[in-house]
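Each remark here refers to the structure printed beneath this line.
In the numbering used here, the protein residues as written are 17 to 750.
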């Protein structure tokens, strides 16, 4: 740690290593409280950004291992670790005080040198390391960075041992955050109020690189935002207290400006200070997200649906910045569990998220409380530990491992998370006064559903209904996963039978959902109907309806959508379930009708209004150009992007049997619709790439299917008998 208080400035810890001849291998391990840049002889070692990332700091901090053999030369070599505030010391969420995890920057370094002949040498960060100032005089996650390139580095003194930090170091095993797509500026706008604004044409998470030559001491300052207001002026109201501003003092030479220890969510930047007239060619937006392999692709001839899918992809990229954040722009950017569980399946189709979610679930397990409950978001922010629990959010502890197992077929994800899952199940078992129901509590419910009226946050579906349904659903998944790894689940099977029975007795009457009022007991006559789109979808999706009831429930759901003008009225909980349950019950055309709806609430309303990512609200931007709200109105919120799973599983028909995992038993059952014209896509599975395309030609449909070698799949083409096929290329026409 530094020998004096360095405030918000980034500092550089410098050491050295004497290298003899015959070096065979040099392996360095680095971590920090804050975010760091590691350099050898002045050169950055890694393309990683914001390392070591954000974890449950009170439980563990990750360290990264680097092979620096080729960067060292004989003689003295300079080693340095520059540290900015990062998540460890920036104000986070509602906790506007900084230094939540640490009150000073610190770093740890270890180098192992292996020489020919077996000799080894170790180098540690110690009191011989020096602490220097850097050009970064302020950096914060939400507020941005201030850099002065005219100030020469100054020696502060020798590093002190950090006795105030006591954390467990763990090795990095997920992909680090790195730079990805580079987006050129589309245009320079002069707003009605006279401000100069750069439009990149794409909302994203990252930062802006500026290439400029100016006089020493001249300044460049830019602010970031997602949208313009109805008059075309720069709009920052939805950022709340986040400033998202980067400021640079030029060196006098040719400078390449970009922040080192922060990131922003934006499509537009306002030029607050700039020497001379800014040229769009000087500005490039750089997308940041965790390194993950792209695995899923989809395209169609319908431009709106094509744009929707791209918006889903950009939503995932923007919010998979080391943790699954809800949004990348305002003073929040938290790992909300509810958002993660509804999107996990879709996320794992578009990218290989196995390591990404492994890392986050390990933190969720570390944050789990003694009673088995889990926080609403993870990592938990100090001072917000008592935020409570919510059904549909805490269930990420069970649903995410299930979706990862289904996607990749690795039972180890179940084994690793079995204690986490069991703890959450036992917490639900103990919650409230009813053993087999979850009654009471403070739940988010069907968050942001429109069926509760204008301006409501919690939808009309009874939260006790949703909580008890999730109790049954997560318990059913837990039983399945326990059986996969050979656990004795007899007791939990019996518990599930009791929970499902209690749910049906309490929340159903004549095969339809009802509102439960405490004290009514079994007096069904006193309970009132509570038929919402979400409640109906939950009964079907969570297998809470008996086989003989499903047809009537699905029919009622279709009728409700029709009565609502062909639109959904669901929120975070209900929306991901709608298209799958409609399709599974034979209403594929009705599912397409809902997909292709363009009036709010719908997936295509934002597309028609210029969205390039998914919105938090169905009408974040109203038709009159006004905003839903200022306080909670993200234009880059991935939850509703869960619809893309339906594009893979129903439109393309790439899915798997209910009792398989990792696509060991794939089913190819495309369900085309003429309004799309054509669709094509692919999915990389653990057993190879599956490709499907279909296209309308006059009155027929042509299908092309690609099955990888060694795979056996069942193909179900509409109007043709199912067939089992092995690896190869197949063409069908109907």
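Think of the CB as a built atom: it goes at the ideal place given N, C-alpha and C, for glycine as much as any other residue.
Original post:
Closest to residue 37 by CA distance: which of 23, 92, 19, 54 is it?
Top reply: Looking at 23, 92, 19, 54, the one whose alpha-carbon comes closest to that of residue 37 is 92.
Original post:
So which of 251, 642, 52 has the shortest CA-CA distance to residue 193?
Top reply: Ranked by Cα distance from residue 193, the options 251, 642, 52 are led by 52.
**OP:** Mind checking which residues open and close the alpha helix (DSSP H) that includes residue 609?
**Re:** Per DSSP, residue 609 belongs to the alpha helix (DSSP H) from 604–611.
**OP:** Give the DSSP-derived three-state secondary structure of residue 188 in the structure shown.
**Re:** It is coil, neither helix nor strand.
Original post:
Is the beta carbon of residue 299 sitting closer than 8 Å to the one on residue 240?
Top reply: Taking 8 Å as the Cβ cut-off, residue 299 and residue 240 do not qualify as a contacting pair.
Subject >> Beta-carbon proximity list for residue 619, same chain, < 6 Å, skipping 5 on both sides >> reply: Within the same chain, residue 619 has close Cβ partners 324, 659.
Subject >> Nearest candidate by alpha-carbon position, reference residue 251, set 294, 207, 237, 279 >> reply: Of the candidates 294, 207, 237, 279, the one whose C-alpha sits nearest the C-alpha of residue 251 is 207.
**OP:** Kindly confirm or deny that the region 27–37 and the region 120–128 touch, where touching means at least three C-beta pairs closer than 8 Å.
**Re:** Remark: three or more beta-carbon pairs, one from each stretch, lie closer than 8 Å, so the region 27–37 and the region 120–128 are flagged as touching.
Original post:
What is the DSSP secondary structure of residue 117, counted as helix, strand or coil?
Top reply: Here DSSP, grouped into helix, strand and coil, assigns residue 117 to coil.
**OP:** Identify which residue in 554, 583, 79, 728 has its Cα closest to the Cα of residue 569.
**Re:** Of the listed residues, the one whose Cα sits closest to residue 569 is 554.
Subject >> Beta-ladder partner(s) of residue 301, from DSSP >> reply: Residue pairing by DSSP puts residue 301 in a beta bridge opposite 199, 224.
**OP:** Please report how far the alpha carbon of residue 728 lies from the alpha carbon of residue 672, in whole angstroms.
**Re:** So the alpha carbons of these two residues sit roughly 11 Å apart.
Subject >> residue 620 - containing alpha helix (DSSP H), residue span >> reply: Looking at the DSSP string, the run of the alpha helix (DSSP H) that includes residue 620 is 620–624.
**OP:** Would you mind working out which of 591, 552, 611, 340 sits nearest residue 572, comparing C-alpha positions?
**Re:** Distances from the alpha-carbon of residue 572 to those of 591, 552, 611, 340 put 552 closest.
Subject >> residue 92 - DSSP class collapsed to helix/strand/coil >> reply: In the structure shown, residue 92 sits in a strand (DSSP, three-state: E or B).
Subject >> Run of the alpha helix (DSSP H) containing residue 433, from where it starts to where it stops >> reply: Unbroken alpha helix (DSSP H) run through residue 433: 428–446.
**OP:** Take residue 730 and list the residues in its own chain whose beta-carbon comes closer than 6 Å to its own, dropping the five residues that flank it on each side.
**Re:** Spatial neighbours of residue 730 in its own chain (CB-CB distance under 6 Å, excluding positions within 5 residues in sequence) are listed in chain order as 683, 738, 740.
**OP:** Report yes if the CB atom of residue 497 is closer than 8 Å to the CB atom of residue 435, and no otherwise.
**Re:** Cβ distance not < 8 Å, so residue 497 and residue 435 don't count as in contact.
Original post:
Cβ of residue 484 within 8 Å of Cβ of residue 460?
Top reply: Going by beta carbons, residue 484 and residue 460 fall outside the 8 Å limit.
Original post:
Bridge partners of residue 49, per DSSP?
Top reply: Paired residue(s): 122.
**OP:** For residue 749, count neighbouring Cβ atoms within 10 angstroms of its own Cβ and tell me buried if that reaches 16, exposed if not.
**Re:** By the neighbour-count definition (other C-beta atoms within 10 Å, threshold 16), residue 749 is an exposed residue.
Original post:
For the 8 Å Cβ check, are there 3 or more pairs between the region 659–668 and the region 637–645?
Top reply: These segments do not touch.
Original post:
Who pairs with residue 262 in a beta bridge, going by DSSP?
Top reply: DSSP output for residue 262 lists 238 as bridge partner(s).
**OP:** Would you identify the three-state DSSP class for residue 728, choosing helix, strand or coil?
**Re:** Correct three-state label for residue 728: strand.
Original post:
Can you tell me the Cα-Cα spacing of residue 318 and residue 169, whole angstroms?
Top reply: Straight-line Cα distance between these residues: approximately 56 Å.
Subject >> Cα-Cα separation, residue 100 to residue 301 >> reply: When rounded, the distance between both Cα atoms is 21 Å.
Original post:
Going by Cα to Cα distance, which pick from 602, 415, 332 is closest to residue 306?
Top reply: Closest by C-alpha distance to residue 306, out of 602, 415, 332, is 332.
Original post:
For residue 314, which of helix, strand or coil comes out of DSSP?
Top reply: Collapsing the DSSP output to three states places residue 314 in a strand.
Original post:
Taking the alpha-carbon positions, what's the residue 151 to residue 276 distance?
Top reply: Rounded to the nearest angstrom, the two C-alpha atoms are 11 Å apart.
**OP:** Can you grab the Cα-Cα spacing for the pair residue 556 / residue 566, in whole Å?
**Re:** Each residue's alpha carbon lies about 7 Å from the other.
**OP:** Check residue 366 in the structure and name its three-state DSSP category.
**Re:** Correct three-state label for residue 366: helix.
Original post:
Can residue 687 and residue 600 be called in contact, C-beta distance under 8 Å?
Top reply: No. Outside cutoff.
Original post:
With contact counted as at least three CB pairs below 8 Å, one residue from each stretch, are the region 138–157 and the region 82–91 in contact?
Top reply: Fewer than three beta-carbon pairs drawn from the region 138–157 and the region 82–91 are found closer than 8 Å, and the two stretches are therefore not classed as touching.
Subject >> Sheet register partners of residue 711 (DSSP bridge) >> reply: DSSP, once it has assigned bridges, lists 694, 718 as partnering residue 711.
**OP:** Indicate whether the contact test is met: 3 or more Cβ pairs, each with one atom in the region 105–116 and one in the region 404–417, closer than 8 Å.
**Re:** Short answer: they don't touch.
Original post:
What are the start and end residues of the beta strand (DSSP E) that includes residue 148?
Top reply: Its beta strand (DSSP E) spans residues 146–149.
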